[in-house]
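Numbering of the sequence shown is given in my numbering, commencing with residue 428 and proceeding in unit increments.
Just so it is clear, CB atoms sit at the ideal spot from N, CA and C, and this is done for glycine as well.
Here the structure comes first, spelled out in structure tokens, and everything after it is commentary.
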Amino acid sequence: SDTERDCLHIDLQALSKNPQDWKNSSFFRLEFYRLLQVEISFHLKGIDLQTIHFRELPDCYIFQNTITFDNRAHSGKIKIYFDSDAHIEECKDLNISGSIQKNTQYILVFDAFVIVICLASLILCTRSIVLALKLRKRFLNFFLEKYKRHVCNADQWEFINGWYVLVIISDLMTIIGSILKMEIKAKNLTNCDLCSILLGTSTLLVWVGAIRYLGYFQAYNVLILTMQASLPKVLRFCACAGMIYLGYTFCGWIVLGPYHDKFEDLDTVAECLFSLVNGDDMFATFAQIQKKSILVWLFSRLYLYSFISLFIYMILSLFIALITDSYDTIKKYQQNGFPDTDLQEFLKDCSSKEKCQKESSAFLSCICCLR
């Protein structure tokens, strides 16, 4: 309520008419002992001419630039920030010859082909998931009626192929991203952020899904089996470790925020602590703490030493031990055989009964022939 805000709009035409009058102007009557912040905002226009080499229409950009001089701390050192946001807009009054955009048409046809392929894959994988859910429901009812007990959650998830779920998510992202890409090529959309996120994530999921085919070979599926076996333990362990991590995050933000640049914001504190866990920038974190208060300086040493010792020597070691234990278990199972679950025992019983029925029917047919 006590902060005064003074704004000044500078006309470019006025600057160009009398440049000498504005050259040595201070624009503001500033009282630096009261100054909190100065923002300078201006627009820049640019044209991307590289697209002309590919026989496309050029793209026009508008850059919204902001320079901020932050003096809210009144520490004698003004922080300077620069922020720039670019937006694409349709170019007006173009006079370009020879731009037929043949390549653009080919790219649009290729995008449409990708959408059709992904749509077919999406339908087939969704159909498989639906049939698997129906079979799972029938099996649960049959198992409960015959054996009078419920099937464990691990066996229930055996009916749902996780790779199909991964393919469905990847196909959805590819379809939506390709549609947005076609709209951007047609100059109907200007924001490429969502399109790039969808296509980039779908590409990542496709390459992750390629690991599935390596799983058919025993020498290559150790990583997949280890991740599947250690994932529940790792998630429970991370939930407990996350509570301690959040405690250190809030504590550092509250106590060390006024004395250290890396502890000013809550998200910055979390990033700083994560870098300390990985052993990055330790000395700089210790050295940048101001010695204005001896009590806070001593607390910072105790805080950092305890965090580094706890997370690097104990929590991180236990985290690695969980994965190593799962890896050793998988190696033993590969040598001695995996233990049978309820579902696998049920399938073995069914296959053995079918085999006995076939053998008995063959024996009866032999008796009939001997007669």
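Counting C-beta pairs closer than 8 Å gives three or more between the segment 627–636 and the segment 594–607, which meets the contact rule. Put simply, the backbone Cα of E610 is about 6 Å away from that of L616.
Between F664 and F746, the C-beta gap is smaller than 8 Å, which places the two residues in contact.
Between the segment 672–691 and the segment 710–721 there are three or more inter-stretch CB-CB distances shorter than 8 Å, so the stretches are counted as touching. Leaving aside the five residues that flank V661 on each side, the residues in its chain whose CB is nearer than 8 Å to its CB run, in chain order, F746, L749 and I750.
Under the Cβ criterion (8 Å, minimum of three pairs), the segment 753–765 counts as touching the segment 642–653. DSSP lists D475 as the beta-bridge partner residues of D486. In the three-state DSSP reduction, Q717 falls in the coil class, being neither helix nor strand. Residue nearest to E458 within the set D433, V557 and I624 is D433 (criterion: CA-CA distance). Distance between L562 and K608, taken at the CA atoms: about 39 Å. The C-alpha of A513 is placed about 22 Å away from the C-alpha of I606. Selection I515, G636, L549 and V541 evaluated against K472 yields I515 as nearest (Cα-Cα).
When C-beta atoms of the segment 488–503 are compared with those of the segment 555–574, fewer than three pairs fall below 8 Å, so the two segments do not count as touching. By alpha-carbon distance to N498, the top candidate from L546, L551, C699 and E466 is E466. Taking 8 Å as the upper bound for CB-CB distance, I742 and A668 are in contact here, some 5 Å apart. Rounded to the nearest angstrom, the gap between the Cα atoms of I556 and I603 is 21 Å. In its chain, beyond the 5 residues on either side, W590, L593, V594 and S597 have a beta carbon closer than 8 Å to the beta carbon of G636. L641 and N648 do touch by the CB rule: their CB atoms are close to 7 Å apart, below 8 Å. Where F509 is concerned, the enclosing beta strand (DSSP E) starts and stops at K506 to E516. Put simply, the backbone Cα of L700 is about 17 Å away from that of W724.
For N492, DSSP records a beta bridge to F469 and S511. Short of 6 Å from the beta carbon of L625, and not among the five residues preceding or following it, lie these beta carbons of its own chain, in chain order: M600, I603 and G604. Each of L558, I735, L546 and V682 was checked against the Cα of G706, and the nearest Cα belongs to I735. Note on the segment 645–689: there is no whole beta strand (DSSP E) run with a minimum of 3 residues. For D497, DSSP records a beta bridge to Q464 and K506. Around T676, the same chain offers L693, V696, A697 and L700 as residues with beta carbons nearer than 8 Å, after the five sequence neighbours per side are excluded.
Selection D752, A539, I671 and F586 evaluated against Y730 yields I671 as nearest (Cα-Cα). Counting along the chain, G627 sits inside the alpha helix (DSSP H) bounded by residues D620 to G636. Rounded to whole angstroms, the separation of the alpha carbons of Y732 and I489 is 48 Å.
If you draw a 10 Å sphere on the C-beta of T712, you find 16 or more other C-beta atoms in it, and that means buried. Approximately 7 Å separates the beta-carbon atoms of T495 and Q464; this is inside 8 Å, confirming the contact.
Annotated three-state conformation of T756 is helix, per DSSP. Spatial neighbours of E691 in its own chain (CB-CB distance under 6 Å, excluding positions within 5 residues in sequence) are listed in chain order as G684. Per DSSP, the continuous alpha helix (DSSP H) segment holding M609 begins and ends at G589 to K612. Residue state for T430 is assigned as coil, using DSSP reduced to three classes.
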